[in-house]
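For the sequence shown, this note's numbering gives the first residue as 1315, with consecutive numbering after it.
Even for Gly, the Cβ is constructed at its ideal location relative to N, Cα and C.
For reference, the structure discussed in these notes is given below.
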Amino acid sequence: MAKGKLDPVTEARRNIVMGFLAVILTGTVLLMLPISQAQGKLTNFLDALFTSTSAVCVTGLVVKDTGTYFSFFGQLIILLLIQIGGLGYVTMMTLIYLARGDQVGLRQKISVAVQLNKPDFGGVTNLLLFSLKVSLFFEVIGAFLLSFRFIPQFGPVEGLWASIFHSVSAFNNAGFDIMGGFKSLIDYVSDPLVNITIMGLIIAGGLGFIVWEELLEYSKSFIAGLKGEGRRMKINDLSIHTRIVISATVVLIIVPAIMLLIFEWVNPHTIGNLPLSGKLWASLFQAVTPRTAGFATLDMSKMMLPSILLITFLMFVGGSPGGTAGGIKTTTFVVVLQYLQSIMQNKKAVILRSRRIAEDTVRLALAIFILQLITVSISILFLSIAMPNSPFEDIFFEAFSAIGTVGLSRGLTTQLNSLGKVIIIITMFMGRVGTISILAGYIFTPTRELYTLPEDDIAVS
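Printed below as a string of structure tokens:
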């Protein structure tokens, strides 16, 4: 590699970082305009920057109530920022190129592959178009279903807008709501239609477009097999990535839902006074939303400490690669667990589903896991300094919510001072773009190894 010339992956990482920054700053300027504010006043730069960052990073933490503070124009800007942030800046720009009939170059394909966590850049163009179709499909279906609840409640115009807004926000795992009063979806804690629709959208967006592409092929094969028109795919024919994502998603929904039900069963401030059906809906919803949507049907500040710790863990893990969710991702978590198991069993290779996982993948998973912990620890430290009078559990929860781009809060967001807002802005940005993209793109740029150094050893325990 010539000196001063970046390799394609590093260049792609820089493009992603700069692209997200450009969208955030553009959104900030638009949200500062009087037309974006319900009372026609200017929004200060820091609050506009916080809101724009939260929308583009599909987080959902807000310092101004989206439903009452912003006008329809402001809410529309936020919704567009959520859509761009959910699909990704590089994805949106590439789709614009395709719409204009331009050719997608190799470097552009690499940028898309890096953003979608795709191990190679083959078939990137088809995956991009597929991701757009999947997004529109689920968002339209979600809006249609929600309209049966919101139109009778808010009227045809406001009800339709609420349906569209919450559908897009849910599929992109953003967690923004326009219900007013910072109350999210608490009024719908026992509503089956709202619960099923929002949870379905969150899960659909969090699975990842790579998984949906493979599931579509599996469905086509299954139908063709029933008609006797070809070989029917078996479950084992699915890639190990898809099988791990689906199994991890199921486990990380069912087990936490049962645990939350147990933890909160007698808590009068959450589900204690709800009927059995309400208890079940609330527990299931709170198990789904931390990975990583940010909607809530219960008050997080009233939940028991074991529940808060469990939700924090779910926020840290997040969704799956190549989708709209944040966190370290389910596959990263599974690989790290299997790596620890291989250490305990004194095995050199990490084995998953009778397959040896590539060493580079294991190293990357460990790097993501460790860097995420370091980043959130630093965020907690500085947030504790900035907000010395705030309860530590609120600071702890807020930092994990920001790094996981979740959007759940125990009430600290609206109390943040200027320094606290800056810390959360940086944390949200690093959580969405990725600490590795920032560090590898600007600080630890790749260098070619021209020689091998002698091996030595140190004592560890």
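Leaving out the 5 sequence neighbours to the left and right, which residues in its chain are closer than 8 Å to residue i when beta-carbon positions are compared?
i     : result
T1766 : none
S1504 : L1588, P1589, S1591, G1592, W1595, A1596
T1556 : I1524, V1525, E1528, L1529
F1462 : L1507
L1360 : S1732, K1735, V1736
F1334 : V1370, C1371, G1399, Y1403, F1743, R1746, V1747
Between which two residues does the alpha helix (DSSP H) holding residue i run?
i     : result
K1735 : 1732-1747
K1447 : 1438-1468
M1658 : 1644-1658
I1688 : 1673-1700
G1333 : 1322-1346
V1370 : 1359-1370
S1668 : That residue, S1668, is in no alpha helix (DSSP H); it is neither H nor E in DSSP.
F1714 : 1706-1717
F1386 : 1386-1401
Y1383 : 1380-1383
How would you call residue i, buried or exposed, if buried means at least 16 neighbouring beta carbons within 10 angstroms?
i     : result
P1582 : exposed
T1770 : Looking at the sequence shown, residue 1770 is not Thr but Asp. That one is exposed.
F1536 : exposed
K1317 : For K1317, the predicted structure reports a pLDDT of 49, less than 50, and the residue's modelled location is therefore unreliable. A value from the coordinates is still provided. Under this definition K1317 is an exposed residue.
Y1502 : buried
L1624 : buried
Y1653 : buried
A1672 : exposed
S1553 : exposed
K1548 : exposed
S1483 : buried
E1528 : buried
L1687 : exposed
R1670 : exposed
L1375 : buried
K1735 : buried
I1330 : buried
S1693 : buried
I1657 : exposed
M1744 : buried
R1327 : buried
M1701 : buried
Y1756 : exposed
L1314 : Residue numbering for the chain in the displayed model covers 1315 to 1775; residue 1314 lies beyond these limits and cannot be assessed.
F1710 : buried
Once you ignore the five residues that flank residue i on each side, which residues in its own chain have a CB closer than 7 Å to its CB?
i     : result
L1521 : V1559, T1563, S1634, G1637
D1551 : none
I1576 : none
Y1532 : M1547, L1552
S1481 : E1453, G1456, A1457, L1460, L1515
S1621 : L1574, F1577, E1578
L1474 : S1461, I1465
Give me, in chain order, the residues of the same chain whose beta-carbon lies closer than 6 Å to that of residue i; leave out the 5 immediate sequence neighbours on both sides.
i     : result
G1354 : P1348
G1400 : V1372, N1486, T1638
D1708 : R1724, L1726
Q1655 : none
A1679 : T1646, V1649, V1650
L1499 : F1609, T1611
I1524 : G1636
Q1729 : none
E1325 : none
S1477 : A1457, L1460, S1461, F1464
G1489 : G1374, A1607, G1608, F1609, G1721
Original post:
So, do the region 1658-1675 and the region 1621-1636 have three or more beta carbon pairs nearer to each other than 8 Å?
Top reply: no
**OP:** Please specify which runs of the alpha helix (DSSP H), each continuous and at least 4 residues long, are wholly inside the region 1562-1630, giving them in chain order.
**Re:** 1590-1602
Subject >> Meets three-Cβ-pair contact criterion under 8 Å: the region 1563-1574 and the region 1593-1600 >> reply: yes
Original post:
Where are the alpha helix (DSSP H) runs, 4 residues long or more, that stay fully inside the region 1502-1569, in chain order?
Top reply: 1506-1521, 1523-1540
**OP:** Report yes or no: do three or more beta-carbon pairs, one from the region 1683-1702 and one from the region 1453-1465, lie closer than 8 Å?
**Re:** no
**OP:** State whether the region 1369-1389 contacts the region 1480-1494, with contact taken as three or more CB pairs (one from each stretch) at a distance under 8 Å.
**Re:** yes
Subject >> contact_flag[the region 1739-1750, the region 1715-1729] where n(CB pairs < 8 Å) is 3 or more >> reply: yes
Original post:
For the region 1390-1404 against the region 1337-1351, are there 3 or more C-beta pairs whose distance is under 8 Å?
Top reply: yes
Original post:
Any chance the region 1613-1622 sits against the region 1642-1660, with 3 or more Cβ pairs inside 8 Å?
Top reply: no
Original post:
Does the pairing of the region 1510-1519 with the region 1601-1610 give three or more beta-carbon distances under 8 Å?
Top reply: yes
Original post:
Do the region 1359-1368 and the region 1732-1744 meet, that is, are 3 or more Cβ pairs less than 8 Å apart?
Top reply: yes
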